[in-house]
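Residue numbers for the sequence shown, in mature numbering (1 follows the signal peptide of the UniProt record, and there is no 0): -25 to -1, 1 to 129.
All C-beta atoms in this analysis are idealised placements derived from N, C-alpha and C, irrespective of residue type, glycine included.
Read the structure below first, then the notes.
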Amino acid sequence: MNGIIMYLPHLVALLGCLSACAAYAQTESPAVHRCAQDGKISYTDQPCPQGAQTTTLAVPPAPPADPASAADLARQAALAEQLRQQREKRAAREEREDQRASHAARQYREKCARLQRAQRWAAEYASHAPVAQREAAQLKAKRAAQALAQECSR
């Protein structure tokens, strides 16, 4: 399937060229004017300027459209539409995955910030705690540091 996606721009360009050819073939062919002036010859779809030798050339009509090419064009258009839909679905899925990852990363950062704050506060309290509560405060600070290291070490 990735091989088809790789050629999608080429298929779209081919589809556009075939559409343009079909549209051009359905229009009447304009006259081509051969203008000879001052020894120079030019071809144009506009009438020649005054004083130039003019020859109008007949342009043969375009051949009729091949029914097989119309079917091929329709098949390619359907394939291009299918590939476009797949691309849109994949882009939407990737966007949802990116949003989930962003949300999870934000929650992780917030959790680590809370643990850092708790560890910092516990360490500050342990350093200023009354003697009777110092051992318990130091244990609490140690556990807060361990929780921070365990949860936020990645």
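What is the DSSP secondary structure of residue i, counted as helix, strand or coil?
i    : result
Q12  : strand
S128 : coil
Would the beta-carbon of residue i fall within 9 Å of that of residue j?
i   : j    : result
Q93 : A124 : Per the sequence shown, residue 93 should be read as Ala rather than Gln. No, Cβ-Cβ distance for A93 and A124 is not below 9 Å.
K86 : E56  : no
Apart from the five residues just before and just after residue i, which ones in its own chain have a Cβ nearer than 7 Å to its Cβ?
i    : result
S17  : C10
A104 : A112
V7   : Y18, D20, L32, V34
For the alpha helix (DSSP H) containing residue i, name the first residue and the last one.
i    : result
Q28  : Taken as a continuous stretch (DSSP letters only), Q28 belongs to no alpha helix (DSSP H), being part of the beta strand (DSSP E) at 28 to 32.
A104 : It is not in any alpha helix (DSSP H) - A104 carries neither H nor E in the DSSP assignment.
Looking only at its own chain, which residues have a Cβ that is under 8 Å from the Cβ of residue i, when we skip the five neighbours before and after it?
i   : result
E70 : none
Rounded to the nearest angstrom, how far is the Cβ of residue i from that of residue j, given a contact under 8 Å?
i           : j    : result
K115        : A88  : Rounded, the Cβ-Cβ distance is 19 Å, inconsistent with contact.
residue 171 : Q12  : Outside the shown range of the chain, which is -25 to 129, sits residue 171, and nothing can be said about it.
residue 191 : R109 : One cannot answer for residue 191 here, as it falls past the ends of the chain, which runs -25 to 129.
A52         : L90  : About 57 Å; that fails the 8 Å criterion.
Please list, in chain order, all residues of the same chain as residue i whose beta carbon is under 6 Å from its beta carbon, the five residues on each side excluded.
i   : result
T30 : R9
Q28 : A11
Could you check whether the Cβ of residue i sits closer than 9 Å to any Cβ belonging to chain B?
i   : result
A53 : Of the chains in the structure shown, none is chain B; there is only one protein chain.
Please confirm whether any heavy atom of the ligand GTP lies closer than 8 Å to the CB of residue i.
i   : result
R75 : Although the ligand GTP was asked about, the structure shown includes no ligands whatsoever.
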